[in-house]
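Colleague: If you're matching positions, the sequence shown starts at 21 in our numbering and goes up one per residue.
We put the CB at the ideal spot given by N, CA and C, even for glycine.
One structure coming up, written as structure tokens, with questions to follow.
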Amino acid sequence: MLRVAQPWLVAFVLAAACVPYLSTLNDYFVQEDFGVVQLLASRPWSTFPRWFTMSWMEQIWGNTPDEIRPFIAFSYQLTGKWVPHRPELHHIFNVGMHAGNALLVMAIGRAAVGLSPVAAAFAGIVFAVLPSQAESAAWITGRVDSMPAFFYLATFLAYVMWRRHGGRAWYAWSILFFFITLFTKQNAITMPATLVAYDLLMLDRTRRGALLSSLKAWLPFIVMTAGYLALRRVVLGHSVRGGVQN
């Protein structure tokens, strides 16, 4: 099972992730924030299923982004439905995502690599304070990076826990998290390769099992990825190209 690290280590990681961004909680909307929040907060809850078969940004920028991201769109509904003109809830959500990612990095360090609690916490702290994380934590629209990262890391951690300790629940969680990851950002299509690489590089043959057993473990992720790419081709006219539909 996943052992909770010493509370003081968790507190250090949370502090590293949250304290630098407390000053941003009252920051107003900037750049794309205005259009994103206005569009998504104005949509009724019944729009959520439709976002699985359409671009989440519609045509507010004069073109249609090649992005199917219903869960990110739904998150803006949650944080902007009642007081869309106030930025605080949006910022709190983003900082919470950033903190969650740092804790997941810490947990993966323990579960996947076998780091000591202190070393795993250090990894989480380094992740939290990297300058490259600032945009996704401080900018409301930056959620398009931190939220996919959260579910990508959660998918991987759940899969590692299943591989290390067994239990169908961990495997089921990894599949569910992967489904959410696919529909938060298209970069999630790399997950099957990540899982295959982990099995081949980090597990001995006893844990990994025979090749056929490994293929069965990877199959749901491969099938879901193929289905997602097929959906993109139907909805957007292509599978992997990024950009816009004019």
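Just reading off the alpha helix (DSSP H) that R188 is part of, what are its end residues?
Modeller: Reading the sequence shown from its first residue, position 168 is the one you call residue 188. Taken as a continuous stretch (DSSP letters only), the alpha helix (DSSP H) holding R188 covers 188–202.
Colleague: Between the C-alpha atoms of Q206 and E87, what's the straight-line distance to the nearest angstrom?
Modeller: Taking the first residue of the sequence shown as position 1, residue 206 is located at position 186. Taking the first residue of the sequence shown as position 1, residue 87 is located at position 67. Cα-Cα distance, rounded: 7 Å.
Colleague: To the nearest whole angstrom, what separates the beta carbons of F147 and F171, a pair I think is in contact under 8 Å?
Modeller: Here residue 147 refers to the residue found at position 127 of the sequence shown. Here residue 171 refers to the residue found at position 151 of the sequence shown. About 16 Å; that fails the 8 Å criterion.
Colleague: Can you list, in chain order, the residues of its chain with a C-beta nearer than 7 Å to that of T214? Leave out the 5 residues immediately preceding and following it.
Modeller: Here residue 214 is taken as the residue at index 194 of the sequence shown, counted from 1. The answer, listed in chain order, is F176.
Colleague: Going by other Cβ atoms of all chains shown within 10 Å of its Cβ, with 16 needed for buried, is N121 buried or exposed?
Modeller: Counting from 1 along the sequence shown, the entry for residue 121 is found at position 101. By the 10 Å Cβ count, N121 comes out buried.
Colleague: Would you decide whether A157 is buried or exposed? Buried here means 16 or more other CB atoms lie within 10 Å of its CB.
Modeller: On the sequence shown, residue 157 is found 137 positions in, with the first residue counted as 1. The residue is buried, with at least 16 neighbouring Cβ atoms inside 10 Å.
Colleague: Could you have a look at P27 and say whether DSSP puts it in helix, strand or coil?
Modeller: Residue numbering aside, residue 27 sits at position 7 when the sequence shown is read from its first letter. DSSP places P27 in helix when its eight states are reduced to three.
Colleague: What are the residues that DSSP puts in a beta bridge with P69?
Modeller: Counting from 1 along the sequence shown, the entry for residue 69 is found at position 49. For P69, which the question treats as bridged, DSSP gives no partner whatsoever.
Colleague: Using beta-carbon positions only, say whether I200 and F91 come within less than 7 Å of one another.
Modeller: Here residue 200 refers to the residue found at position 180 when the sequence shown is read from its first residue. Here residue 91 refers to the residue found at position 71 when the sequence shown is read from its first residue. Yes, the Cβ-Cβ distance between I200 and F91 is below 7 Å.
Colleague: Does the beta-carbon distance from H110 to I160 come in below 7 Å?
Modeller: Here residue 110 is taken as the residue at index 90 of the sequence shown, counted from 1. Here residue 160 is taken as the residue at index 140 of the sequence shown, counted from 1. Yes, the pair counts as a contact, with Cβ atoms nearer than the cut-off.
Colleague: Evaluate the contact criterion for the stretch 136–154 versus the stretch 112–127: three or more CB pairs, one atom per stretch, below 8 Å.
Modeller: The stretch 136–154 is in contact with the stretch 112–127.
Colleague: Is P64 helix, strand or coil when you go by DSSP?
Modeller: Position 44 of the sequence shown, counted from the first residue, corresponds to residue 64. In the structure shown, P64 sits in coil (DSSP, three-state: anything other than H, G, I, E or B).
Colleague: Please name the residue or residues paired with P40 in a DSSP beta bridge.
Modeller: Along the sequence shown, one-based indexing puts residue 40 at 20. Bridge partners of P40: none, in fact.
Colleague: Rounded to a whole number of angstroms, what is the C-alpha to C-alpha distance between T67 and R184?
Modeller: For the purposes of this step, residue 67 is taken as the residue at position 47 of the sequence shown. For the purposes of this step, residue 184 is taken as the residue at position 164 of the sequence shown. Roughly 39 Å between the two C-alpha positions.
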